[in-house]
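Numbering (our numbering), first residue to last: 576 to 683.
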């Protein structure tokens, strides 16, 4: 069983990045398919919960709106409004802050 691919390329990319980071942090260099699926499932949960937290209460409209705006800014930035870019930047800042809290990142 392979983990699902999400309709949003941006969200799927975020999940892939988190999964790669989890594997790297755990020291697994040659994961089995089962390990890969398990880590991807955990990464999907982390990303989904983070997006839900940033978007507010578990509200499909807010979540879908954030995903749609992120896709627009990533794929066609010249048509995005300043408010849409700001919304994505705030969400990204939240993800980066979360990463710093989880891994104690050093910015330098």
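Cβ coordinates follow ideal geometry from the N, Cα and C atoms, glycine included.
- With fewer than 16 other CB atoms across the displayed protein chains lying within 10 angstroms of its CB, residue 654 is exposed.
- Judged by their CB atoms, residue 626 and residue 593 are not nearer to each other than the 7 Å cut-off.
- Bounds of the alpha helix (DSSP H) holding residue 590 are 584-601.
- Listed in chain order, the non-local C-beta contacts of residue 662 below 6 Å within the same chain comprise 644, local neighbours out to five positions each way being set aside.
- Nearest to residue 587 by alpha-carbon distance, out of 628, 658, 675, 617, is 617.
- Excluding the 5 residues flanking it on each side, residue 610 has same chain C-beta neighbours closer than 7 Å at 603, in chain order.
- Taking the Cα positions, residue 667 is about 15 Å away from residue 584.
- With fewer than 16 other CB atoms across the displayed protein chains lying within 10 angstroms of its CB, residue 665 is exposed.
- Counting every other CB atom within 10 Å of its CB across the protein chains shown gives residue 615 a total of 16 or more, marking it as buried.
- Restricting attention to 647, 628, 612, the CA atom closest to the CA of residue 673 is found in 628.
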